[in-house]
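Encoded as structure tokens, the structure appears first; notes follow it.
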Amino acid sequence: MCLPLVKGPKVMGQLASQLVHGQVCDIPSLPKLQCADKRPRVHFKCAICIWNLLLSTLKMRSKELSLSVKQAINRLKKQNKPIREIARTLGVAKTTVWNTLKKKERTGELSNTKRPGRPRKTTVVDDRRILSLVKKTPFTTVGQIKNTLQEVGVCVSKSTIKRRLHQSEYRGFTTRCKPLVSLKNRKARLEFTKQHLTKPSQFWNKILWTDETKINLYQSDGKRRVWGRKGTAHDPKHTTSSVKHGGGSVMAWACMAANGTGSLVFIDDVTADKSSRMNSEVFRAILSAHIQPNAAELIGRRFTVQMDNDPKHTAKATKEFLKGQK
10 MCLPLVKGPK VMGQLASQLV HGQVCDIPSL PKLQCADKRP RVHFKCAICI WNLLLSTLKM
70 RSKELSLSVK QAINRLKKQN KPIREIARTL GVAKTTVWNT LKKKERTGEL SNTKRPGRPR
130 KTTVVDDRRI LSLVKKTPFT TVGQIKNTLQ EVGVCVSKST IKRRLHQSEY RGFTTRCKPL
190 VSLKNRKARL EFTKQHLTKP SQFWNKILWT DETKINLYQS DGKRRVWGRK GTAHDPKHTT
250 SSVKHGGGSV MAWACMAANG TGSLVFIDDV TADKSSRMNS EVFRAILSAH IQPNAAELIG
310 RRFTVQMDND PKHTAKATKE FLKGQK
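Put into structure tokens, the structure is as follows:
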């Protein structure tokens, strides 16, 4: 049976050294280590005790001094108190007092500086490569970026790649659905914008804007976002209902000007078969019945009708009809 041993890194190192070399655990600075077996060899239970004490010593971490204790050490030192007396007064080790004073002398600060932590897994070059991949191919995925980095010997997790993108203010979001516009039409739109950029407000006050739109009878066919906790995706409060054929829809025509909105006309009220199918003939019928009254109410006698380049708007019969209205 082993007697209690005095703990300490230096003592534990001596015990471990003698234990490894097969020597008897007999160190002058410690009480005699006595075993039931008096023969000159390390008893098995003694070895277990020494090993456990060694592990516990290696795991021990010194407690960090509070800022108030460090300030007290510095204050007592300014009063020319010896290190031994400071240590006894504050109940800390002399080496702790010495190290605190040396740090104050070296850095001029008592508080601990911010620790650097674990080094970054990516270098500046790796970060630029991640951003370059996203800029070149915005629709790429984090998994694809990870595979590309592995090909050049950079092994990082998906979470690390996301953090680098977030640090550069990149965020993932749902794509917006936009009409396909050819390069020719883009240039034409830009030229139209430049020509009308400096037009005065009196010019825009004379414009009557017209267009058609589809109105869903049940709900929007676009994507919606909802807030919920994990595992509640199928909760009825967090879902949107769907019906066959989208629940139906109607087409509507409307106009507006700078002074306000005009009439709202449903296409099925104009067509002979009560359908929402709109063609050039239906469009001309709507213009004939609603352009003049709305323009007179919103603008006055002189006005300009503005619409997009939809085929039924640019049809030859529609253009001739509009010329006849001048």
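Here the working numbering = 1-based position in the sequence shown + 9. Glycine included, each C-beta is placed from N, C-alpha and C at the ideal position. Bear in mind the structure is a predicted one, so any value in this text is a computation, not a measurement.
Whole-angstrom C-beta distance between residue j and residue i, which should lie under 8 angstroms
i      : j      : result
Ala266 : Ile216 : 7 angstroms
Phe292 : Lys332 : Not a contact, Cβ separation roughly 15 angstroms.
Val151 : Lys167 : 5 angstroms
Ser357 : Leu140 : The chain is shown only over 10 to 335; residue 357 falls outside these bounds and no answer can be derived.
Thr149 : Leu142 : 6 angstroms
Thr249 : Arg233 : 6 angstroms
From the options, residue whose alpha carbon lies closest to that of residue i
i      : options                           : result
Glu329 : Pro147, Gly162, Lys103 and Ser289 : Ser289
Val259 : Gly237, Lys223, Val235 and Glu94  : Lys223
Asp220 : Met316, Gly237, Lys72 and Ala324  : Met316
Gly269 : Thr241, Leu307 and Thr249         : Leu307
Trp107 : Asn83, Gln88, Thr122 and Met287   : Asn83
Leu74  : Leu99, Asn89 and Lys86            : Leu99
Tyr179 : Lys144, Ala242 and Leu85          : Lys144
Trp213 : Ser251, Lys90, Val314 and Thr327  : Val314
Trp218 : Ser272, Thr249 and Gln159         : Ser272
Residues near residue i by beta carbon distance below 7 angstroms, same chain, minus five either side
i      : result
Ile295 : Trp262, Val274 and Val279
Lys103 : Ile92, Arg93 and Ala96
Asp277 : Val259, Lys283, Ser284 and Ser285
Lys171 : Val151
Ser26  : Low per-residue confidence applies at Ser26: pLDDT is 49, beneath 50, and the placement is therefore not dependable, though the value from the model is reported in the following sentence. The answer is none, since no qualifying residue turns up.
Three-state secondary structure assigned by DSSP to residue i
i      : result
Leu76  : helix
Leu273 : strand
Val190 : coil
Thr222 : strand
Ile216 : strand
Val291 : helix
Gln88  : coil
Ala263 : strand
Val165 : coil
Residues near residue i by beta carbon distance below 6 angstroms, same chain, minus five either side
i      : result
Val163 : Asp135
Lys79  : Thr109 and Leu119
Val235 : His247
Local Cβ density within 10 Å of residue i, reported as buried at 16 or more and exposed below that
i      : result
Leu226 : exposed
Arg173 : buried
Val161 : exposed
Leu12  : At Leu12, the pLDDT of 40 sits below 50, so the modelled position is not reliable; the number obtained from the coordinates is stated separately. Leu12 is exposed by the Cβ-count criterion.
Asn156 : exposed
Thr105 : buried
Cβ shell of residue i (< 8 angstroms), same chain only, five flanking positions each side left out
i      : result
Leu182 : As written in the sequence, residue 182 is Phe, which differs from the Leu given in the question. Correct list: empty, nothing qualifies.
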